[in-house]
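Report on the structure given below.
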Amino acid sequence: MTAITHELTLANAVVALRKARHQCADVTDNPRMNSRHDQHRPDQRPSTHQSAVFHGFEPLDANYVYCPNQFFDVCLPNCSRGAVRIVAYILRQTLGWLDSEGNPRQQEIRVTFQDLINRAGVSRGAITPALKEAVAEGFIEQRQAAHPKSAGKPGQSAAYALRWGPGREYVRQVAAFSGFFTGEGHRTPVPNAFFDQIVPRETLAVVKVVGTVLRHTVGYQNQFGGRRSSAPLSFSRIQQYSHLSDRSTLSDAIRIARQAGYLECTEAGLFSPDRSEQRTASYGVRWLTKT
């Protein structure tokens, strides 16, 4: 009887493990989709530390940035962590404060190394290459170069501004990008906390995952003006959109984002040999609960 009980216990453990592995998982995972290019990028591997508990994003009746969707569609999937943090910082400083006419109070943002270190979260050694990348890819432009303090002359901080595109077509490819789209629509109300707390502190992989969910939930508006609270997002879809082709990195990033309280799985995915019974997991960002 002892041997039989032991076998039953092992069998139950295997069943439980399989269920756990398939919760919130994609039904079309392909383990061969790893990319050698992404496996060894240090800024995409989530750290092993557990982020501080996040209580949720504030509702979209205030405290948000009306962010160009191309930040999510073009910048976030294709740029380095330093460039993403700098572009996000300039976006936040420009679009986070508007006048009574809805125009940015500041178009040119003066930045110092200390600003980019302490507020944008960019390490000192990464600032220069990250600025060059953000300018070269067309997300920002330099309006004034920095000048060091000299005899009889005060020092001058560099000034940068968002670059707005001249074209009428919405561009999704980084190679064709030449500035943010200025036409109607293609904006997402993004809670300030994404720019103030998540982008400067988290790994690029975690930022990509949270950004993907934001883009596919509140980034979509229906004909009645409503926005999604959650969206069905398969593992493969998140991979494709975020350009995180290393499956281990993506899995860790989703886990960290959920543990930190940025995201929640609103409906578990279901794997089944019968394709008609398969179901993609749904994710949403966590909102503050009103008391």
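Mapping the sequence shown onto my numbering, position 286 (from 1) lands on 299, and the numbers just tick up by one.
For every residue, glycine included, the Cβ atom is placed at its ideal position computed from N, Cα and C.
The structure presented is a predicted model; accordingly, all values stated were derived computationally and were not measured.
With DSSP as the reference, please indicate the residues paired to residue i in a beta bridge.
i      : result
Phe70  : Trp300
Glu280 : Ser295
Gln169 : His160
Ala244 : Tyr296
Val78  : Val203
Phe193 : Trp177
Glu154 : Ala174
Arg268 : Answer is none; Arg268 lacks a bridge partner.
Leu108 : Paired residues: none, contrary to the question.
Val124 : Ala171
Got a sec? Which residues, its chain only, sit under 6 Å from residue i by beta carbon, not counting five neighbours each side?
i      : result
Ile267 : Val222
Phe85  : Gly224, Arg228
Ala26  : With a pLDDT of 42 at Ala26, under the threshold of 50, the predicted position of this residue should be treated as unreliable, and no value is reported.
Gln120 : Ala174
Thr293 : Pro245, Ser247, Gly282
For residue i, count the other beta carbons within 10 Å of its own beta carbon; 16 or more makes it buried, fewer makes it exposed. Which is it?
i      : result
Gly239 : exposed
Leu301 : exposed
Pro81  : buried
Arg34  : Since pLDDT at Arg34 reaches only 43, below the 50 mark, its modelled position is unreliable, and the value read off the structure follows with that caveat. Flag for Arg34 reads exposed.
Asp259 : buried
Gly196 : exposed
Asp287 : exposed
Phe237 : exposed
If residue i and residue j are in contact, beta carbons under 8 Å, what's the gap, nearest whole angstrom?
i      : j      : result
Asp112 : Arg105 : At roughly 17 Å, the Cβ-Cβ gap does not stay under 8 Å, so Asp112 and Arg105 are not in contact.
Tyr254 : Arg241 : Going by Cβ atoms, the distance from Tyr254 to Arg241 rounds to 15 Å, so no, they are not a contact pair.
Ala147 : Ile153 : 5 Å
Ala149 : Gly95  : About 13 Å separates the two Cβ atoms, so there is no contact after all.
Ile251 : Val219 : Incorrect: roughly 12 Å between the Cβ atoms, too far for contact.
Near residue i, which residues of its chain fall below 7 Å by C-beta distance, leaving aside the five closest residues on each side in sequence?
i      : result
His256 : Pro90, Asn91
Val78  : Leu104, Arg105, Leu108, Gly109, Val203, Asn205, Phe208
Residue i and residue j: beta carbons closer than 7 Å?
i      : j      : result
Gly151 : Arg181 : no
Glu71  : Pro204 : yes
Arg299 : Gly282 : no
Gln83  : Phe194 : yes
Thr201 : Ser243 : no
Ile99  : Ala143 : yes
Leu217 : Tyr296 : no
Gly192 : Gly178 : yes
Phe190 : Val87  : yes
Give every residue of the same chain whose Cβ lies closer than 8 Å to the Cβ of residue i, excluding the five residues on either side of it in the sequence, and list them in chain order.
i      : result
Gly134 : Arg98, Val212, Pro213, Arg214
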